[in-house]
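When the letters of the sequence shown are read in order and numbered with my numbering, they come out as residues 15 to 404. I have placed the structure first, in the form of structure tokens, so that the comments after it can refer back to it.
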Amino acid sequence: MKTAVWLYLFLFVAFFDLHAQYPILTPFAISLGAAPSFIGLMMGMYSITHLPGNLIAGFGVDRYGSRLFIVFSLFAAGVVLLFQSHVTNPWQLLLLRSISGFVLAFLSPACLSLLARITSDRTEQGKLMAGNGLVHTLASVVSPAAGAYLVAKIGFTTAFTLLGWILIVTAVCAIFFIREINVKTVQAPEVSIHPVPVKNKAVLPLEQALPIPWLVYVLPVALSCAQGILSFELPLMAKTQEAMLTTGLLFSVVSIGALVTLSMLFLNRVSAFQRTLWGSLALAIIYFCIASHISVPLTVMLLFVGMAKGIILPALSTLLIELSGGARYGRTFSVLSIAFSVGAFIGPMAAGQVRDYISPYYIAFIALMIAVSVLPLHISRSLASRTFFS
């Protein structure tokens, strides 16, 4: 469990650093002369360049472990931020954000796979996934406001430089404190459980994986689409440094809402499938209310958005572990990251094109309702067939 503690610490620093950029990237792009449609393209490119990284991580993490990919992802992202602090036009920013999307694509599958390998007990794995969500949320509570405050005090150039060096130092520390773990899981008789030496390196065995229904990945696409729309829309409210601070606080409100439900440990007694399904339905209704401009303060609605996400995200990770049968975590979470990347590409791109005609939040509502409608198909039957969990 010492590995989990160190991993949580590094994840906190990494997530703090990355979420601190949310409220400042859009104003920074506007200061360079970017139009809203170009900003949507930039956010979409950041997400779509996740895909090759996710594919590489899916096979690489299962074969070589998580440590190498965690260190590389943090270090490369820090270097990109150092270059980002010196850009002078929107196209340079687009290029660097695309590179950043690729290198950061390794981080999530590697971290989730390492957490899942710490133990083969399903209850403990669920707690570790909830812990990951808690760390992520704690970092994102303070980081958006901190990032906006940082820019207001020291400017974009110095802020990006500081955030870049934080990631680089974190990557160096990860080399010394993160240790690879290989937990033996239930195997088919013909599958070898012994590492195979390749070029004097220990190669992790590939476990036999159970097929996961592809419909389950419609939900993460819809979730990240909705999140991408929210991340696109909120920073456009910032026209001044004071408004940028307000935007940072709004992002923090979302994280506070997630922290509330993540702290409700009794929710873990409910099945992962039920939490995922009903949490997603509630999130869809909330986005519909935001789009409809009902007489409820935006701050309250964003708090509810965060509460729903605090239910869904750890439950979704646990659901995938159950569906996978405890095998090939790298590939399982790689496909999850790919689904998130696809949705994060669609969301801002669509919002940038339709925001002059309709509220982009309607797109978030429709995407989530489609996902909620197809999620129960085959999923319950697939879970019932996993006698490994009974």
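All residues carry an ideal CB built from backbone N, CA and C; glycine is no exception.
I want to see whether chain C comes within less than 9 Å of residue i, judged by CB atoms only; does it?
i: L291; result: Among the chains in the structure shown there is no chain C, since it carries only a single protein chain.
Looking only at C-alpha atoms, which of the options sits nearest to residue i?
i: Y36; options: R111, F86, S87 and V101; result: R111
i: F354; options: L279, I243, A286 and S306; result: I243
i: I12; options: M59, L295 and T261; result: Given that the chain is displayed from residue 15 to residue 404, the structure contains no residue 12 and the question cannot be resolved.
i: L164; options: D31, A364 and A305; result: D31
i: L281; options: P249, G324, L23 and I62; result: G324
i: G361; options: V230, T261 and M59; result: M59
i: A2; options: M143, T260 and A188; result: In the structure as shown, the chain starts at 15 and stops at 404, and residue 2 therefore has no counterpart that could be examined.
i: L65; options: M383, L382 and F359; result: F359
i: A44; options: L333, F246, Q241 and M315; result: The question names Ala, yet the displayed sequence has Ile at residue 44. For the residues L333, F246, Q241 and M315, the minimum Cα distance to I44 belongs to F246.
i: S406; options: F83, R77 and L108; result: In the structure as shown, the chain starts at 15 and stops at 404, and residue 406 therefore has no counterpart that could be examined.
i: M383; options: S285, F318 and I300; result: I300
Output the distance between the C-alpha atoms of residue i and residue j, rounded to the nearest integer angstrom.
i: A378; j: L350; result: 19 Å
i: S269; j: V155; result: 5 Å
i: T171; j: A236; result: 34 Å
i: V274; j: A298; result: 19 Å
i: K198; j: I180; result: Reliability of the predicted coordinates at K198 is poor, the pLDDT of 47 falling under 50, and the value obtained from them is presented with this limitation in mind. K198 and I180: Cα-Cα distance of roughly 35 Å.
i: G79; j: V19; result: 18 Å
i: A153; j: G47; result: 30 Å
i: V212; j: E194; result: In this prediction, V212 scores a pLDDT of 44, lower than 50, which makes its location untrustworthy; the coordinate-derived value is nonetheless stated afterwards. Their Cα atoms are separated by approximately 17 Å.
i: P41; j: T290; result: 34 Å
i: H307; j: M363; result: 22 Å
i: A272; j: N103; result: 36 Å
i: A322; j: E138; result: 23 Å
i: V27; j: F302; result: 34 Å
i: L129; j: G366; result: 36 Å
i: A166; j: L263; result: 14 Å
i: W105; j: M56; result: 9 Å
i: M278; j: F29; result: 22 Å
i: L23; j: A305; result: 37 Å
i: L21; j: R283; result: 25 Å
i: P311; j: G320; result: 15 Å
i: M315; j: L334; result: 29 Å
i: F287; j: F265; result: 27 Å
i: A240; j: R81; result: 31 Å
i: T133; j: S157; result: 31 Å
i: I326; j: K141; result: 14 Å
i: V267; j: L317; result: 6 Å
i: G293; j: F83; result: 32 Å
i: A49; j: L176; result: 27 Å
Can you tell me whether residue i is buried or exposed, with buried defined as 16 or more other CB within 10 angstroms of its CB?
i: V101; result: buried
i: N146; result: buried
i: L39; result: buried
i: A34; result: buried
i: G54; result: buried
i: Y371; result: exposed
i: P390; result: exposed
i: L88; result: buried
i: S309; result: exposed
i: T313; result: exposed
i: G169; result: exposed
i: P249; result: buried
i: F191; result: exposed
i: A162; result: buried
Leaving out five residues on either side along the sequence, give the residues of the same chain with a beta carbon under 8 Å from the beta carbon of residue i.
i: V93; result: G178 and I182
i: L25; result: C125, N146, V149, H150 and A153
i: V368; result: P374 and I377
i: S238; result: S61, A353, F354, S355, V356, G357, A358 and G361
i: V230; result: L333, L334, L337, L389 and I393
i: T17; result: L128, I132, I192, R193 and I195
i: L276; result: A144, G147, L148, T151, G324 and P328
Starting from the C-beta of residue i, find all residues in its chain whose C-beta is less than 6 Å away, skip the five residues before and the five after it, and write them out in chain order.
i: G67; result: F116, A119 and F120
i: V232; result: A385 and V388
i: V85; result: A185, A188 and I189
i: M143; result: P328, S331 and T332
i: W228; result: none
Using a Cβ-Cβ cutoff of less than 7 Å, which residues in the same chain neighbour residue i once the five nearest sequence positions on both sides are dropped?
i: A451; result: Because the chain here runs from 15 to 404, residue 451 falls outside it and cannot be looked at.
i: P234; result: L330, L350, A353, F354 and G357
i: F97; result: L110
i: N214; result: At N214 the pLDDT is 44, less than 50, meaning the model places this residue with poor confidence and gives no usable figure here.
i: P123; result: N68, A71, G72, V75, G344, F347, S348 and S351
i: F174; result: L95, Q98 and S99
i: T63; result: S112, G115 and F116
i: S285; result: none
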